[in-house]
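Chemist: Quick one: this structure, given as structure tokens, is what I'll be asking you about.
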Amino acid sequence: GDSVTQMEGPVTLSEEAFLTINCTYTATGYPSLFWYVQYPGEGLQLLLKATKADDKGSNKGFEATYRKETTSFHLEKGSVQVSDSAVYFCALSVHNDMRFGAGTRLTVKP
Amino acid sequence: GAVVSQHPSRVICKSGTSVKIECRSLDFQATTMFWYRQFPKKSLMLMATSNEGSKATYEQGVEKDKFLINHASLTLSTLTVTSAHPEDSSFYICSAREPLMPTILGETQYFGPGTRLLVL
């Protein structure tokens, strides 16, 4: 079945460090891909998305490119801030069904 | 933006009792709501899809009689965990889909803050 695998955390970085969170997927159809972020005590928020191969989603300095050849959608940010500390979920959607990765907890230290 | 609330945010109950969790879309009408369960360090697992005015569609392996879902109005869906046991302890998250938003799949889902259930 459809599934998402993302790198296990937790990830701890210093402020202004480069961030990569790996995400790969398996899907029978042609999925849309998403990154959601969950700040402490809050619900999931859509961070960015891509709906077709080679699309790049971007928001708040985060980027991810839909790579069909490697079935990947890695999340990157060039310079993280303390306020980026949260749990990040990679997800796919095929036929209105969403599948999430396990989540990666990011902690950014000053 | 669209807001989804859940109540309660945290509940502790004794084994054998039933617990009701509410999911509300505060500023939009949601014809479809989803219920997820999140295990520690695990993915969010879709439990069921709740459609207003009709029976919920459950995912394989989810007990319908155990997890009762009622979507009685366009702004409210409830999940009742019946005869709860310690293994039902988990984090339950709902989401709601706003039908008038762009139809890119998944984008229109708005998530609640989750309800942490602890069954003693």
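Protein sequence lines correspond, in order, to chains L and X.
All residue numbers for the first sequence refer to the working numbering, where the first residue is 1206 and numbers rise by one.
All residue numbers for the second sequence refer to the working numbering, where the first residue is 524 and numbers rise by one.
Built from N, CA and C at the ideal position, the CB exists for glycine as well.
Every value quoted in this text rests on a predicted model; they were computed, and no experiment measured them.
Looking only at C-alpha atoms, which of X:V527, X:Q561, X:Q552 and X:T554 sits nearest to L641 (chain X)?
Modeler: Of X:V527, X:Q561, X:Q552 and X:T554, the residue nearest in Cα terms is X:Q561.
Chemist: Leaving out five residues on either side along the sequence, give the residues of the same chain with a beta carbon under 6 Å from the beta carbon of R639 (chain X).
Modeler: Contacts found: R533 and F614.
Chemist: With 9 Å as the threshold, decide whether the Cβ of V527 (chain X) is near any Cβ in chain L.
Modeler: So, interface residue.
Chemist: Would F551 (chain X) be called buried (16 or more neighbouring beta carbons within 10 Å of its own) or exposed?
Modeler: Burial call: buried.
Chemist: Write down the C-beta distance between E586 (chain X) and L569 (chain X) rounded to the nearest angstrom, noting that I regard them as a contact closer than 8 Å.
Modeler: 14 Å between Cβ atoms; not a contact.
Chemist: Out of curiosity, what's the CA-to-CA distance linking N593 (chain X) and I616 (chain X)?
Modeler: Answer to the nearest angstrom: the Cα atoms are 15 Å apart.
Chemist: Could you spell out the range, first to last residue, of the beta strand (DSSP E) harbouring R547 (chain X)?
Modeler: Taken as a continuous stretch (DSSP letters only), the beta strand (DSSP E) holding R547 (chain X) covers V542 to S548.
Chemist: Would you kindly check if the distance between the Cβ of Q1250 (chain L) and the Cβ of L1308 (chain L) is under 9 Å?
Modeler: Looking at the sequence provided, one finds Gly at residue 1308 (chain L) rather than Leu. No.
Chemist: Mind checking whether T1229 (chain L) and F1278 (chain L) have CB atoms under 9 Å apart?
Modeler: Contact: yes.
Chemist: Taking the beta strand (DSSP E) that I530 (chain X) belongs to, which residues open and close that run?
Modeler: The amino acid occupying residue 530 (chain X) in the given sequence is His; Ile does not appear at that position. It spans V527 to H530 - the beta strand (DSSP E) in which H530 (chain X) sits, taken as one unbroken run.
Chemist: Kindly give me the distance between the Cβ atoms of F557 (chain X) and S596 (chain X), rounded to whole angstroms, as I take these residues to be in contact under 8 Å.
Modeler: So it is not a contact: roughly 16 Å between Cβ atoms.
Chemist: Roughly how many whole angstroms lie between the Cα atoms of G651 (chain X) and Q529 (chain X)?
Modeler: Here chain X has residues from 524 to 643 only, and residue 651 (chain X) is not among them.
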